[in-house]
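Student: Sharing a structure below in structure tokens format, with a few things to ask.
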Amino acid sequence: MTQPHPLVEIWRGPLAESLHSGHAVICDANGNIREAWGDPATLILPRSSAKMLQALPLVESGAAEAAGLSTERLALSCASHSGAPIHVERVQRWLADLGLGDDDFRCGVQIPMGEPERDAMLRANGTPCQAHNNCSGKHAGFLTLAQHLGAGPEYIDPAHPVQQACLQAFEEVTGETSPGFGIDGCSAPNHACTLHGMARAMAQFAAASEGADARQTAMVRLWQAMVAHPELVAGETRACTELMRACSEPVALKTGAEGFFIAILPKRGLGVALKVTDGATRASECAITALLVRLGVLSADHPTAKRYMNAPIRNWRGVTTGMIRPDARLLS
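Quick note, the numbering used here runs 4 ahead of the 1-based positions in the sequence shown.
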């Protein structure tokens, strides 16, 4: 097995004080690895980076069309949102249109992820609900599919028709039989695959053609919804949202817990997947930024790129003490 590759360095003064290692793969639509760092065969849990795969049955089954889902709702079905009003209110209207309420969710109550939203709720002595959960859009999609299939309310059960449809799509698009699953933070199953399999899946999204078949049409509609509504996929100041806005061509980006990140590059037919082995978000955001620069879809001089790559680290007095920067081999 190839060892994890250095991905991101944390510098303080003249020394690289810390190092984040991991694995990264760039794949084309034929499943071929274009470039890789570390071990493409490493087994991973893609966490929330798999939400586009979990949303495929929602679209390709006809459930999204039957429910009249807008591009905003398709973006939310792929989102790990901040729990801002623009997210929560849209999810709540979606639920109401299904004739359902917050108690029908199975994702759990979560205080908003976004600091401004969290602070505002605390100042107002507000109470979060399940619609504030960062995965509530995905779960609204699950409930929409469950209604379409005439299936029962326990849609997160691995044996439920919704989760069986998600597993089938996951295995077919990654090109692998999943060896098992973990339970995600939102209580839904999260299936394992190799990093190569996840990059292969993202490349299939990138190369899909609307109208070719139900699956490819679903892929195109999902990534297009993400690119059209980056503020719904994550939220203001969040890396997914800011980097999608900054790219010079359409690129769909999605973070996952524990240092995971994916990119879908439709104009180039490429998919990217990376995993930071210590689970650090600061490292995955820096590494994906470096790979976007490497692939020519993001300028290294763009202010957003500078926020995540070669960004200064400051102490409590605002003094610059070092920087976070990608390993040089991600760029060269």
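For each residue, glycine too, the CB sits at the ideal point set by N, CA and C. These numbers were taken from a predicted model, which means no experiment stands behind them.
Using the rule of at least 16 other Cβ atoms within 10 Å of the residue's Cβ for burial, across every protein chain shown, is ASP217 buried or exposed?
Tutor: Looking at its Cβ environment, which holds fewer than 16 other Cβ atoms inside 10 Å, ASP217 is exposed.
Student: Note down, in chain order, each residue of its chain lying with its Cβ closer than 8 angstroms to the Cβ of MET248, except the 5 sequence neighbours on either side.
Tutor: Once the five neighbours on either side are set aside, the close Cβ partners of MET248 are MET230, VAL231, PRO234, VAL237, VAL255, ALA256, LEU257.
Student: Leaving out the 5 sequence neighbours to the left and right, which residues in its chain are closer than 6 angstroms to HIS143 when beta-carbon positions are compared?
Tutor: Once the five neighbours on either side are set aside, the close Cβ partners of HIS143 are PHE109, CYS111.
Student: Got a sec? Which residues, its chain only, sit under 6 angstroms from PRO373 by beta carbon, not counting five neighbours each side?
Tutor: This structure gives no information on residue 373, because the portion of the chain shown stretches from 5 to 336.
Student: Looking only at its chain, what residues have a beta carbon closer than 8 angstroms to the beta carbon of HIS2, apart from the 5 residues adjacent to it on each side?
Tutor: As displayed, the chain neither begins before 5 nor continues past 336, which places residue 2 out of reach and without an answer.
Student: What are the start and end residues of the alpha helix (DSSP H) that includes CYS170?
Tutor: Start and end: 165 to 178.
Student: Could you give the first and the last residue of the continuous alpha helix (DSSP H) run that contains GLY201?
Tutor: Unbroken alpha helix (DSSP H) run through GLY201: 199 to 211.
Student: In the DSSP assignment, the alpha helix (DSSP H) including GLY145 goes from what residue to what residue?
Tutor: From DSSP, the alpha helix (DSSP H) with GLY145 extends over 140 to 153.
Student: Quick one: using the 10 Å Cβ neighbour count with 16 as the cut-off for buried, is GLY105 buried or exposed?
Tutor: Exposed, because fewer than 16 other Cβ atoms sit within 10 Å of the Cβ of GLY105.
Student: Do LEU19 and MET223 have their CB atoms nearer than 9 angstroms?
Tutor: Not closer than 9 angstroms, so no.
Student: Output yes or no for whether 9 angstroms exceeds the beta carbon distance between PHE174 and ILE268.
Tutor: No; because the gap between Cβ atoms is not below 9 angstroms, this pair is not in contact.
Student: Out of curiosity, what's the CA-to-CA distance linking SER351 and ALA205?
Tutor: What the structure shows of the chain is the stretch from 5 to 336, and residue 351 is not part of that stretch, so it cannot be assessed.
Student: Could you round the C-beta distance between LEU23 and PRO8 to whole angstroms and report it? I think they count as a contact, below 8 angstroms.
Tutor: Their Cβ separation, rounded to whole angstroms, is 10 angstroms, which puts LEU23 and PRO8 out of contact at 8 angstroms.
Student: Which residue comes first and which comes last in the alpha helix (DSSP H) that contains ILE292?
Tutor: Looking at the DSSP string, the run of the alpha helix (DSSP H) that includes ILE292 is 285 to 298.
Student: Locate the beta strand (DSSP E) running through LEU334, then write down its first and last residues.
Tutor: Careful: LEU334 lies outside any beta strand (DSSP E) and carries neither H nor E.
Student: Measuring alpha carbon to alpha carbon, tell me which of ARG321, CYS251, CYS197, GLN220 ends up nearest ALA45.
Tutor: Taking only the C-alpha atoms, the option nearest ALA45 is CYS197.
Student: Three or more beta-carbon pairs under 8 angstroms between the stretch 289 to 308 and the stretch 86 to 93, yes or no?
Tutor: No contact exists between the stretch 289 to 308 and the stretch 86 to 93.
Student: According to DSSP, which residues form a beta bridge with ASN194?
Tutor: In the DSSP output, where bridge partners are listed per residue, ASN194 has GLY186.
Student: I need the DSSP call for LYS279, collapsed to helix, strand or coil.
Tutor: It is a strand residue.
Student: Between the stretch 308 to 323 and the stretch 39 to 54, are three or more C-beta pairs nearer than 8 angstroms?
Tutor: No, the stretch 308 to 323 does not touch the stretch 39 to 54.
Student: Tell me which residues share the same chain as ALA211 and place their Cβ nearer than 6 angstroms to its Cβ, disregarding the 5 neighbours each side in the sequence.
Tutor: Counting only Cβ-Cβ distances below 6 angstroms, and skipping sequence neighbours, we find ALA33, GLY273.
Student: Going by beta carbon distance, what residues of the same chain come within less than 7 angstroms of LEU335, once the five residues before and after it are set aside?
Tutor: Same-chain partners within the cutoff: ALA294, VAL297, ARG298.
Student: Where CYS82 and ALA277 are concerned, what is the direct C-alpha to C-alpha distance, given to the nearest angstrom?
Tutor: Cα-Cα distance, rounded: 16 angstroms.
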